[in-house]
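A short write-up of the structure that comes next.
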Amino acid sequence: MSAPVLITGAAKRIGLFIARSLREQGVEVIGTYRRQQPALGELEAMGVQLYHCDFCESDHVHRLIDSLQRYHPALRGIIHNASDWIAEGQSELSPEQVMERMMRVHAYAPYQLNLALAPLLRNCPDSVADIIHITDFAVDKGSKHHIAYSASKAASENLSRSFARLLAPQVKVNSIAPSLILFNEGDSDDYREHTLAKALLPREPGEAEVLHAVTYLMESRYVTGRTLHLDGGRHLK
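The numbering used here puts the first residue of the sequence shown at -18, with every later residue one more than the last.
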């Protein structure tokens, strides 16, 4: 029996789509979630094992690690999808608190998980295991409105390269850096038009685009320490 894949932030949007899709393919899936979401019952009914974990809380991360080490002798992969998105000056948090929160979610928690769960990945009965960090287009370009977010995602991408060196050859470690994947329901027509115009391929690709990238990386036997960009040619505009 194949080892499970851990997906952080599996309760909505991209994480939910990947968890559903992998489970429908017969892959064992473990998911984490920060707060209650409507889809959690559906995931449980599909056989996804769920853990409540707020990555901003150190004790939550330690409990998650303890549970995974106790109940799962091996892992096929970790997909670091959990994310937070706060703009400077647009919340009650101070700039220091915004940076701390972004770093905890996008860098510190993945760092802890990668280190602690490396033995489980090395125990994967398949020939190789995977770690995939979902980063962001803003890693290369930066963002004047989401400075801490962009910096923390850049840290996540650097973690991919460092862990690729540390864990080879048993574990491949890569990043996926999307720009627009899926609009929110409340996004205005003007915002949608403006955002689509930033790419050479002006379309909303949907969550399946990220799933295709995940599948490619997990099926590859010769890609590690790399970032796969999903930006519709936005870097050339």
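Glycine is no exception: its CB is placed at the ideal position from the N, C-alpha and C atoms.
Original post:
Quick one: what's got a C-beta closer than 6 Å to Leu161's C-beta in the same chain, skipping five residues either side?
Top reply: The residues Thr176, in chain order, have a CB closer than 6 Å to that of Leu161 in the same chain once the five nearest residues on each side in sequence are set aside.
Original post:
Got a sec, what are the start and stop residues for the beta strand (DSSP E) Tyr32 sits in?
Top reply: Boundaries of the beta strand (DSSP E) harbouring Tyr32: Gln30 to His33, taken from the DSSP string.
Original post:
Among the residues of its own chain, which have a CB less than 6 Å from the CB of His114, if the five just before and after it don't count?
Top reply: Here the set comprises His61, Ser137, Ser141 and Ser156.
Subject >> Integer-rounded CB distance, given that Leu74 should sit under 8 Å from Arg82 >> reply: At roughly 7 Å, the Cβ-Cβ gap stays under 8 Å, so Arg82 and Leu74 are in contact.
Original post:
Cα-Cα, which of Val(-14), Asn165 and Thr196 is closest to Val8?
Top reply: Ranking Val(-14), Asn165 and Thr196 by Cα distance to Val8 puts Val(-14) first.
Original post:
By DSSP, does Asn62 sit in helix, in strand, or in coil?
Top reply: Here Asn62 sits in coil by DSSP.
Original post:
Which residue's Cα is closest to the Cα of Gln30: His53, Val195, Ala180 and Leu181?
Top reply: Comparing Cα-Cα distances from Gln30 to each of His53, Val195, Ala180 and Leu181, the minimum goes to His53.
**OP:** Could you spell out the range, first to last residue, of the beta strand (DSSP E) harbouring Asp111?
**Re:** For Asp111, the enclosing beta strand (DSSP E) has its first and last residue at Ala110 to Ile115.
Original post:
The alpha helix (DSSP H) with Val154 in it runs from where to where?
Top reply: Not the alpha helix (DSSP H): Val154 falls in the beta strand (DSSP E), residues Val152 to Pro159.
Original post:
Going by C-alpha distance, which of Asp35, Leu94, Ile59 and Arg57 is nearest Asp65?
Top reply: Checked all of Asp35, Leu94, Ile59 and Arg57; the closest Cα to Asp65 is Asp35.
Original post:
Thinking C-alpha only, which one of Ala180, Thr196 and Glu188 is nearest Leu(-3)?
Top reply: Nearest option by C-alpha distance: Glu188.
Subject >> Alpha-carbon to alpha-carbon, Val154 and Val195 >> reply: So the alpha carbons of these two residues sit roughly 11 Å apart.
Subject >> Leu209 versus Leu148 - alpha carbon distance >> reply: One Cα belongs to Leu209, the other to Leu148, and the distance between them is close to 19 Å.
Original post:
Would you call the CB atoms of Asn104 and Leu181 closer than 9 Å?
Top reply: Not in contact: Asn104 and Leu181 (Cβ atoms no closer than 9 Å).
Original post:
Along the chain, where does the beta strand (DSSP E) that runs through His210 open and close?
Top reply: Looking at the DSSP string, the run of the beta strand (DSSP E) that includes His210 is Thr208 to Leu211.
Subject >> Counterpart residues of Val10 in DSSP-defined beta bridges >> reply: Bridge partners of Val10 according to DSSP: Val(-14).
Original post:
Under a three-way DSSP split, which group does Ala20 fall into?
Top reply: Here Ala20 sits in coil by DSSP.
Original post:
Would the region 86 to 97 and the region 31 to 50 be scored as touching if the rule is three or more Cβ pairs under 8 Å?
Top reply: The region 86 to 97 is in contact with the region 31 to 50.
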